[in-house]
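This report concerns only the one structure given below.
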Amino acid sequence: MMSVGVIILPYIIPMLLGRTFDIFTSQVGVDIFPQSTIQSPIHIQRSFVSSDFSVIRNDSEARQFLGVSDDLSLRVKAGVLHIAATGDYLKDVQTRENYVEILVKSQYETVSETLHGTVDPIQDWDLQSPTYLGTHYVRTVTYGGMMVGSLRLHVSDDAQKEAVESFLLKYFRLQTYAKVEVQHQPSEGRMTREYHSFEDKLKRMVYAVEERVGSGLSMQIKYYSTVTAPHVPQDIDSFLAILEEFPDQAAKLNGGRGVPLKVELVPLHELSARMIAMRPNKYLEKTLEDMDGKFNDLLVTHAAIRKMSEKTKPDDYKENCEVHDLGDDIHGKLDIFKDVIRRLDTASPASLYDSKRAIQVRGTHT
């Protein structure tokens, strides 16, 4: 497997221009450029909106749609990292047994700040410990806003879920590509037309499945964003109104820039021959996917046990003991997973062993 080159990642606190980052441990490092360089970057105006939606059948499809790797997903769910909007959605782990999901994302980019290509890092920066330096440095930070909308079509039974899922997937394949990318120029009609086209496709899809399936289908809308919604969406029309207003709402933050959204990371070995080009452990990829699924199961079960304990009668000693024992068992397994995730290094052979160990101790539970 080739070494990792320039990559784009969601912004993770406390990433800054000129600061290093370890892509294998997701640890933010140290500043290796002079403050004068960091404080005078090149500004690239973007004013760019990208929106898309997709039918989601499982957590793996959701991660792929949102552009989040398995290791980042695990770190977010374990509370090791925070990613605005996208991370909030990933942490809201729920069983998918009783709904079919249409996932919507919209990203508004306002400006990118990037280091000048001719500047040099501070002297002898590469003599520092590789543990602190990491593998890459932040060359560009892009600002704006991010929102994720989860349209959950609740079903009454497995047969209805299968019918809804099958219809949506077939309908989605027959439509022209849903994604829209436009310059955000509210004074011009082009953006309005493009956005309305995107919204119409989404609305028609929801209405079509409601008409086809009939009664017994209800929709719940969950909204995750870098900005507070002007109102709580109750139906598809109110959600689309929020979606259309989103770029203007995002631009109200930080003097029109919004919040940090994503970063461009450049390998440190491009700055110094002393830095070794590391490679990820290719055998870990499938294991992390399995681990994410098992971790999800534990989180869902843990939440279900909490609800169960709230409904248990105080004087029912046997039931209280059973719920308590089950809760302790799940909590102990979650602790093992979280410990492995905190120490996760996707370039290390040891992480492959630790991840498999976590999957094995996951075991079975009621």
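If you use mature numbering (1 follows the signal peptide of the UniProt record, and there is no 0), the sequence shown corresponds to residues -18 to -1, 1 to 348, in order.
Beta carbons are placed, not taken as given, at the ideal position from N, Cα and C, and that holds for glycine.
**Item:** Cβ neighbour criterion (16 or more within 10 Å) applied to H313
**Value:** With a 10 Å radius around the Cβ and a threshold of 16 neighbouring Cβ atoms, H313 comes out exposed.
**Asked** Over what stretch of residues does the alpha helix (DSSP H) that includes P229 continue unbroken?
**Response** Segment I218 to A232, the alpha helix (DSSP H) holding P229.
**Message:** Please report the distance separating the alpha-carbon of P242 from that of D310.
**Reply:** Answer to the nearest angstrom: the Cα atoms are 39 Å apart.
**Request:** Could you check if L113 is buried or exposed, using at least 16 other CB atoms within 10 Å of its CB as the buried criterion?
**Result:** In the sequence on display, residue 113 carries Thr and not Leu. Answer is exposed; the Cβ neighbour count stays below 16.
**Request:** Using the Cα positions of V62 and R194, report the straight-line distance between them to the nearest angstrom.
**Result:** Going from the Cα of V62 to the Cα of R194 covers about 43 Å.
**Item:** Proximity below 8 Å, CB of K320 to CB of T269
**Value:** Going by C-beta atoms, K320 is not nearer than 8 Å to T269.
**Message:** Helix, strand or coil, according to DSSP, for R134 in the structure here?
**Reply:** The three-state secondary structure of R134, taken from DSSP, is strand.
**Request:** Would you list the residues sitting across from R1 in a DSSP beta bridge?
**Result:** R1 is bridged to D13.
**Cα-Cα separation, L235 to K87** = The C-alpha of L235 lies about 19 Å from the C-alpha of K87.
**Message:** Out of G99, T96, L72 and S179, which one is the CA nearest neighbour of E226?
**Reply:** Of the listed residues, the one whose Cα sits closest to E226 is S179.
**Asked** Of all the options A340, L316 and T283, which has the alpha carbon lying nearest to the alpha carbon of T77?
**Response** Closest in C-alpha terms to T77, from the list A340, L316 and T283, comes T283.
**Request:** Reducing DSSP to helix, strand and coil, say where K87 ends up.
**Result:** Looking at K87 - three-state DSSP - the assignment turns out to be strand.
**Asked** Quick one: what does DSSP say T68 is sitting in, helix, strand or coil?
**Response** Residue state for T68 is assigned as helix, using DSSP reduced to three classes.
**Item:** Straight-line Cα distance separating G(-1) from I(-11)
**Value:** Their backbone Cα atoms lie some 15 Å apart in a straight line.
**Message:** Among T96, K204, F6 and E147, whose alpha-carbon lies nearest the alpha-carbon of L133?
**Reply:** Among T96, K204, F6 and E147, the Cα nearest to that of L133 is on K204.
**Request:** Measure the beta-carbon distance from V93 to R239 and round it to whole angstroms, keeping in mind my assumption that it falls under 8 Å.
**Result:** Confirmed, about 6 Å.
**Prompt:** For residue 418, does the count of other Cβ atoms within 10 angstroms reach 16, so buried, or fall short, so exposed?
**Reply:** This structure does not reach residue 418, given that the chain is present from -18 up to 348, and the question cannot be answered.
**Request:** Would you identify the three-state DSSP class for P112, choosing helix, strand or coil?
**Result:** Three-state DSSP puts P112 in a helix.
**Nearest residue (CA-CA) to L135, options Y125, M129 and E147** = Measuring from the Cα of L135, the nearest candidate turns out to be E147.
**Request:** Could you have a look at F319 and say whether DSSP puts it in helix, strand or coil?
**Result:** Helix at F319.
**Endpoints, beta strand (DSSP E) assigned at V282** = Element bounds for V282: not the beta strand (DSSP E) but the alpha helix (DSSP H), L266 to K293.
**Request:** Spatial neighbours of L184 within its chain, please: CB distance less than 6 Å, with the 5 preceding and 5 following residues excluded, ordered by chain position.
**Result:** Setting aside the 5 residues that flank it on each side, L184 is surrounded in the same chain by F35, each with a C-beta closer than 6 Å to its C-beta; the list follows chain order.
**Request:** Quick one: residues in its chain with C-beta nearer than 6 Å to the C-beta of G275, no 5 flanking neighbours on either side, listed in chain order?
**Result:** The beta carbon of G275 lies closer than 6 Å to none in the same chain, with the five residues before and after it left out.
**From I287, D317 and E292, residue whose alpha carbon lies closest to that of G307** = The amino acid occupying residue 307 in the given sequence is Asp; Gly does not appear at that position. Nearest neighbour of D307 by Cα position, chosen from I287, D317 and E292, turns out to be I287.
**Message:** Here's a check: name, in chain order, each residue in its chain whose Cβ is nearer than 6 Å to the Cβ of F15, leaving out the five neighbours to either side.
**Reply:** Excluding sequence positions up to five before and after F15, its CB lies within less than 6 Å of the CB of G(-1) and P103, all in the same chain and listed in chain order.
**Item:** Host alpha helix (DSSP H) of R57 (start-end)
**Value:** D52 to K59 is the span of the alpha helix (DSSP H), which, as asked, contains R57.
**Asked** In angstroms, rounded to a whole number, what distance separates the CA positions of D74 and Q105?
**Response** If you take the alpha carbons of D74 and Q105, they lie about 45 Å apart.
**Prompt:** So the alpha helix (DSSP H) L48 belongs to, where does it begin and stop?
**Reply:** Segment D41 to L48, the alpha helix (DSSP H) holding L48.
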